[in-house]
Structure formats: structure tokens, C-alpha cells
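Undergrad:
Next up, the structure:
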């Protein structure tokens, strides 16, 4: 969704948000409550999801259409997520391993399905 939006925005398309929209499904397996200027609930996913989140972000940073500001904001978001998981999340070793693997594969320009043999 993010990649599609960034391409459309780059081509001059406008986007509109529905501020009172309600999602009827959950993000992640469970949530983690953390204070970041206010109480927030962060979704907790299975480790393989973090591989894709980090890998796809790195691949997206290499494209021309995301703005520098968007890239900076997203890098900050991923750094905060990395620190939060390093300090507080359960299964932190596996989560951090998959995040690092995603970053490495993004820099190697690997896309597609996660291959356990890599």
C-alpha cells in the first residue's frame, strides 16, 4: 500500500483520508503498550513479518519516488522499532535476527519470498 501511494503521489495524484474509518481486523498477533510521548499500542508480528517490513523498506529507499523527508521519517520509525524490540519484546533474538536479515537482503537487492536456505 505504501509503495503504491508513493508512486501515485510522485505522479501527481492526490490522496484523501477518511479520518473516522475503523479497521475491523487487528494488526499483528498481539499488541505491546509503550510510552512514546503518550501511550501507544504497537502491533507484535511473527518474526518473518519483520524481515519483510525491513527488507521492503530498504528496497523502497533505493527508488527515486519516495521523498527524502518520507525516507528519513521511515528510517526513524524502523530504528525506534528496532530499539523497542531489542529492549522489551519477547522472542527478541529471533525478531532482531529477521530485521537484520531483511536489511541485508534489501541492500543485496533481493526481493520475493524469504528463502530459508539463504
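In the numbering used here, the protein residues as written are 996 to 1113.
C-beta: ideal position from N, C-alpha, C; glycine also.
1) Residue 1042 by DSSP, collapsed to three states: which one?
2) Expressed to the nearest angstrom, what Euclidean distance is found between the alpha-carbon atoms of residue 1090 and residue 1099?
3) Does the Cβ of residue 1050 have 16 or more other Cβ atoms within 10 Å, making it buried, or fewer, making it exposed?
4) Just the Cα atoms here: how many angstroms apart are residue 1009 and residue 1000?
5) Going by other Cβ atoms of all chains shown within 10 Å of its Cβ, with 16 needed for buried, is residue 1052 buried or exposed?
6) With which residues is residue 1028 paired in a DSSP beta bridge?
7) Pull up the CB-CB distance for residue 1093 and residue 1060, whole angstroms please, since I reckon it's below 8 Å.
8) Report buried or exposed for residue 1037, applying the criterion of at least 16 other Cβ atoms within 10 angstroms of its Cβ.
9) Drop a sphere of 10 angstroms on the beta-carbon of residue 1032, count the other beta-carbons inside from all chains shown, and report buried for 16 or more, exposed for fewer.
10) Under the rule that 16 or more other beta-carbon atoms within 10 Å means buried, what is residue 1101, buried or exposed?
11) Please classify residue 1112 as buried or exposed, where buried requires at least 16 neighbouring CB atoms within 10 angstroms.
12) Using the Cβ count rule (16 or more neighbours within 10 Å means buried), how would you classify residue 1002?
TA: Judging by the given coordinates:
1) helix
2) 14 Å
3) buried
4) 9 Å
5) buried
6) 1036
7) Contact doesn't hold; Cβ gap of about 27 Å is too wide.
8) buried
9) Residue environment: residue 1032 is assigned as exposed (fewer than 16 neighbouring CB atoms within 10 Å of its CB, all protein chains considered).
10) buried
11) Below a pLDDT of 50, predicted positions are generally treated as unreliable, and residue 1112, at 49, falls in that range; the measurement from the model is reported next regardless. In this structure residue 1112 is exposed. Its beta-carbon is surrounded by fewer than 16 other beta-carbon atoms within 10 angstroms.
12) exposed
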